[in-house]
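Residue numbers for the sequence shown, in our numbering: 61 to 182.
Glycine included, each C-beta is placed from N, C-alpha and C at the ideal position.
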Amino acid sequence: MSQNLPPVDEARLAAEWEADREVLANLAANGDVARMARPVDVSFRGSEQDFERVLTIASQFGFVELDREEDEDGDLFLFLECVQPVDEASIRALTKKCLQIEILCGVEYDGWGCEAQAGGVH
Numbered sequence: 061m062s063q064n065l066p067p068v069d070e071a072r073l074a075a076e077w078e079a080d081r082e083v084l085a086n087l088a089a090n091g092d093v094a095r096m097a098r099p100v101d102v103s104f105r106g107s108e109q110d111f112e113r114v115l116t117i118a119s120q121f122g123f124v125e126l127d128r129e130e131d132e133d134g135d136l137f138l139f140l141e142c143v144q145p146v147d148e149a150s151i152r153a154l155t156k157k158c159l160q161i162e163i164l165c166g167v168e169y170d171g172w173g174c175e176a177q178a179g180g181v182h
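Encoded structure:
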């Protein structure tokens, strides 16, 4: 069951990319090797019903559910994980996928994160 993915607003994509570049710069400053695949988590804010739709679509892209949390304001968050590199092209593709999921499911994409991976030191 494959969904036709909606187009993403270019201004929104550009704004997310600004935030992504900051995260990538911080990772690089910590000795990260961007081409190394590692677990990357993403989060969405929404309702339990929305999260079921998110899981149906996101699982097609290799995401698995990590956790669900409620913050102090009562907002619900769904945390997903996939394994991938964090080079610029991979993160741009990840962000676009997450924004498409946001549009399809009526949730709010809340960003991504991962641990820095230094290469060659064991």
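query	result
Would you check if the distance between the CB atom of Asn114 and the CB atom of Cys174 is smaller than 8 angstroms?	Looking at the sequence itself, residue 114 is Val, so the reference to Asn does not match. No, they are not a contact pair.
Beta carbon of Arg105, beta carbon of Glu168: below 8 angstroms?	yes
Could you check what DSSP says for Asp80 in three-state terms: helix, strand or coil?	helix
Quick check: what's the CA-CA separation for Ser103 versus Asp92?	22 angstroms
For Gln120 and Leu65, what's the separation of their Cα atoms in angstroms?	12 angstroms
Give me the Cα-Cα distance between Leu84 and Gly134, rounded to the nearest whole angstrom.	30 angstroms
Taking Ala71 as the reference, which of Lys156, Ala88, Asp131, Leu136 has the closest Cα?	Lys156
Where Arg98 and Ala178 are concerned, what is the direct C-alpha to C-alpha distance, given to the nearest angstrom?	11 angstroms
Pull up the distance between the alpha-carbon of Asp142 and that of Ala89, whole angstroms please.	Note that residue 142 is Cys in the sequence shown here, rather than Asp. Their backbone Cα atoms lie some 23 angstroms apart in a straight line.
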